[in-house]
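If you read the sequence shown in our numbering, its first letter stands for residue 31, the second for the next number, and so on.
Where is the CB? At the ideal position from N, CA and C, for every residue including glycine.
Data first, discussion second: the structure below is written as structure tokens.
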Amino acid sequence: MKAISMTGKTLSMTGFGRATAADGGVELTVEVKSVNHRFLDVVCRLPGAAARYESEVVRVVRTALRRGRVEVFVARADARPPKYQVSFNEALFGQFVGKLQEGLRASGVKERNLLGPAVANILTRREVLEIAAEESSVEGEWPILERALAAALTELSEMRRIEGAELEAEMRRQLGELECLIAGISQKVAETPTQYRERLTQRLERISPTLEVDPDRLAQEVALLADRVDTSEELARLASHVQQFQRMLTEGEGGRKLEFLLQEFGREINTIGSKAQNGEVTLLVVDAKAVIEKLREQVQNVE
Numbered sequence: 031m032k033a034i035s036m037t038g039k040t041l042s043m044t045g046f047g048r049a050t051a052a053d054g055g056v057e058l059t060v061e062v063k064s065v066n067h068r069f070l071d072v073v074c075r076l077p078g079a080a081a082r083y084e085s086e087v088v089r090v091v092r093t094a095l096r097r098g099r100v101e102v103f104v105a106r107a108d109a110r111p112p113k114y115q116v117s118f119n120e121a122l123f124g125q126f127v128g129k130l131q132e133g134l135r136a137s138g139v140k141e142r143n144l145l146g147p148a149v150a151n152i153l154t155r156r157e158v159l160e161i162a163a164e165e166s167s168v169e170g171e172w173p174i175l176e177r178a179l180a181a182a183l184t185e186l187s188e189m190r191r192i193e194g195a196e197l198e199a200e201m202r203r204q205l206g207e208l209e210c211l212i213a214g215i216s217q218k219v220a221e222t223p224t225q226y227r228e229r230l231t232q233r234l235e236r237i238s239p240t241l242e243v244d245p246d247r248l249a250q251e252v253a254l255l256a257d258r259v260d261t262s263e264e265l266a267r268l269a270s271h272v273q274q275f276q277r278m279l280t281e282g283e284g285g286r287k288l289e290f291l292l293q294e295f296g297r298e299i300n301t302i303g304s305k306a307q308n309g310e311v312t313l314l315v316v317d318a319k320a321v322i323e324k325l326r327e328q329v330q331n332v333e
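Dropping the structure here:
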């Protein structure tokens, strides 16, 4: 068996990366995960005002990856002291206090006993006094987010590279198995005319032991069968496709190109199977189809 040569250029579409970056009391944590997808689909989940950076996040991801469904999650923590915005309706407060004083004087109650608690109660009304925490600004935080995103993508890419190497090793093993099956089919197909001649001769002898068989007519029948079962062109093309697949793995071609090439694998092996006049060839074709299907499943996870 040939030694498997690995290139490390094959990348899986499955991976995960997580990184954190901080500056000036603001900490951003980015998680990126990717799964199989026919194209590159980027989904962002950014907190609050950080959504303004979504287009930049998508741009960075598209620069780093070629294919897969990619989800980006960002969590934000702000350790800076909160800022508050105070809104005080002085005119309304004056009206409340004025009316309160008038009422107290009219009732004969001493103002100093009730005025203080009453004013405190007035200040609890949101129409008079409202204190709200200002929304934390994300202005200028893109450099922090960019650093965290780049680190998370690096981690994700490394995971995709490792899994891609495992995928490549398995695909090369399957290609080696397919080459063995192609060689076996070629051998069995080459034996078919001879086997047919022997079976036909034996059949004629059983029908009439004294019958003289015309060698030229027998050769003609065998030649006709040989032409019908000839799969030399299909086998040559299939072997060529296997070599091309190997080269594409070495060059780090994308999964979509590999998928297209596997369609050609399928066409050739189907034609070979339809021409098969030998039970052993049929069994080998079934095994080859199973290998091609395994390759198709693996290629679906190649970037």
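**Request:** Whole angstroms is fine: what's the gap from E198's alpha carbon to E185's?
**Result:** Within the sequence shown, numbered from 1, the residue matching residue 198 stands at position 168. Within the sequence shown, numbered from 1, the residue matching residue 185 stands at position 155. Roughly 20 Å between the two C-alpha positions.
**Prompt:** Can you name, in chain order, every residue of its own chain whose Cβ lies under 6 Å from the Cβ of E294, other than the five neighbours on each side?
**Reply:** For the purposes of this step, residue 294 is taken as residue 264 along the sequence shown, with counting starting at 1. If we look at E294 and ignore the five residues flanking it on each side, its Cβ neighbours are H271.
**Request:** Identify the continuous alpha helix (DSSP H) that holds G296 and give its terminal residues.
**Result:** For the purposes of this step, residue 296 is identified with residue 266 of the sequence shown, where counting begins at 1. Looking at the DSSP string, the run of the alpha helix (DSSP H) that includes G296 is G285 to K305.
**Item:** Those residues which DSSP pairs with K63 across a bridge
**Value:** As a working note, residue 63 is residue 33 in the sequence shown. According to DSSP, K63 bridges with F46 and E101.
**Prompt:** How do the segment 273 to 290 and the segment 314 to 331 stand: do at least 3 beta-carbon pairs fall below 8 Å, yes or no?
**Reply:** yes
**Request:** Reducing DSSP to helix, strand and coil, say where V158 ends up.
**Result:** Along the sequence shown, one-based indexing puts residue 158 at 128. Residue state, collapsed to three classes: coil.
**Buried or exposed (CB count within 10 angstroms, at least 16 for buried), E132** = The residue given as residue 132 occupies position 102 in the sequence shown. It counts as exposed.
**V73, enclosing beta strand (DSSP E) - first and last residue** = Reading the sequence shown from its first residue, position 43 is the one you call residue 73. From DSSP, the beta strand (DSSP E) with V73 extends over L70 to R75.
**Request:** Alpha carbon to alpha carbon, how far is E323 from S304? Give it in angstroms, no decimals.
**Result:** In the sequence shown, counting from the first residue as 1, residue 304 sits at position 274. In the sequence shown, counting from the first residue as 1, residue 323 sits at position 293. Answer to the nearest angstrom: the Cα atoms are 18 Å apart.
**Asked** Does DSSP put D260 in a helix, a strand or coil?
**Response** Taking the first residue of the sequence shown as 1, we reach residue 260 at position 230. In the structure shown, D260 sits in coil (DSSP, three-state: anything other than H, G, I, E or B).
**S35 to E84 span [Cα, whole Å]** = Position 5 of the sequence shown, counted from the start, is the residue given in the question as residue 35. Position 54 of the sequence shown, counted from the start, is the residue given in the question as residue 84. Bear in mind that a pLDDT of 48 at S35, under 50, signals an unreliable position, so the model cannot answer this.
**Message:** Looking only at its chain, what residues have a beta carbon closer than 8 Å to the beta carbon of N119, apart from the 5 residues adjacent to it on each side?
**Reply:** Stepping through the sequence shown from its first residue, residue 119 is reached at position 89. The residues are E157, V158 and L159.
**Item:** Cβ neighbour criterion (16 or more within 10 Å) applied to A33
**Value:** Position 3 of the sequence shown, counted from the first residue, corresponds to residue 33. Since pLDDT at A33 reaches only 43, below the 50 mark, its modelled position is unreliable, and the value read off the structure follows with that caveat. A33 comes out exposed.
**Asked** Looking only at C-alpha atoms, which of L130, R82, A162 and R135 sits nearest to P147?
**Response** Residue numbering aside, residue 147 sits at position 117 when the sequence shown is read from its first letter. Comparing Cα positions, the closest option is L130.
**Prompt:** With C-beta atoms as the reference, is L58 less than 7 Å away from L211?
**Reply:** For the purposes of this step, residue 58 is taken as the residue at position 28 of the sequence shown. For the purposes of this step, residue 211 is taken as the residue at position 181 of the sequence shown. Result no, Cβ atoms of L58 and L211 do not sit closer than 7 Å.
**Request:** Identify which residue in E176, V149 and N151 has its Cα closest to the Cα of A52.
**Result:** What you label residue 52 is simply residue 22 of the sequence shown in a count that begins at 1. It is E176 whose Cα lies nearest to the Cα of A52.
**Asked** Where does L183 fall in DSSP's three states?
**Response** The residue given as residue 183 occupies position 153 in the sequence shown. Reduced to three states, the DSSP call for L183 is helix.
**Message:** Taking the alpha helix (DSSP H) that T312 belongs to, which residues open and close that run?
**Reply:** On the sequence shown, residue 312 is found 282 positions in, with the first residue counted as 1. T312 -> alpha helix (DSSP H) spans G309 to V329.
**Item:** Residue closest to S216, alpha-carbon to alpha-carbon, out of V104, I299, R106 and A81
**Value:** Counting from one through the sequence shown, the residue named residue 216 turns up at place 186. Checking every option, the nearest Cα to that of S216 belongs to I299.
**Asked** Given V100, which residues of its chain have a CB within under 6 Å of its CB, disregarding the five upstream and five downstream residues?
**Response** Along the sequence shown, read from residue 1 onward, the residue named residue 100 stands at position 70. Correct list, in chain order: S64, V72 and V91.
**Message:** Once DSSP output is grouped into helix, strand and coil, what is the label at E333?
**Reply:** Looking up residue 333 in the sequence shown gives position 303. Three-state result, E333: coil.
**Item:** Cβ-Cβ separation, T93 to A178 (assumed contact under 8 Å), whole Å
**Value:** Along the sequence shown, read from residue 1 onward, the residue named residue 178 stands at position 148. Along the sequence shown, read from residue 1 onward, the residue named residue 93 stands at position 63. At roughly 16 Å, the Cβ-Cβ gap does not stay under 8 Å, so A178 and T93 are not in contact.
**Prompt:** Excluding five sequence neighbours on each side, which residues of the same chain lie with their C-beta closer than 8 Å to the C-beta of M31?
**Reply:** Along the sequence shown, read from residue 1 onward, the residue named residue 31 stands at position 1. Annotation note: pLDDT 41 at M31 (below 50); position unreliable, no value reported.
**Message:** Among L95, R82 and E61, whose alpha-carbon lies nearest the alpha-carbon of F69?
**Reply:** Here residue 69 refers to the residue found at position 39 when the sequence shown is read from its first residue. Out of L95, R82 and E61, L95 has the C-alpha closest to the C-alpha of F69.
**Item:** Per DSSP, cross-strand counterpart(s) of F118
**Value:** For the purposes of this step, residue 118 is identified with residue 88 of the sequence shown, where counting begins at 1. DSSP lists L159 as partners of F118.
**Minimum C-alpha distance to Q125 - residue among R135, V104 and V149** = The sequence position of residue 125 within the sequence shown is 95, counting from 1. The shortest CA-to-CA distance from Q125 to any of R135, V104 and V149 is the one to V149.
**Request:** Tell me whether the beta-carbon of G47 lies closer than 7 Å to the beta-carbon of A182.
**Result:** Locating residue 47 in the sequence shown gives position 17, where the first residue counts as 1. Locating residue 182 in the sequence shown gives position 152, where the first residue counts as 1. Yes.
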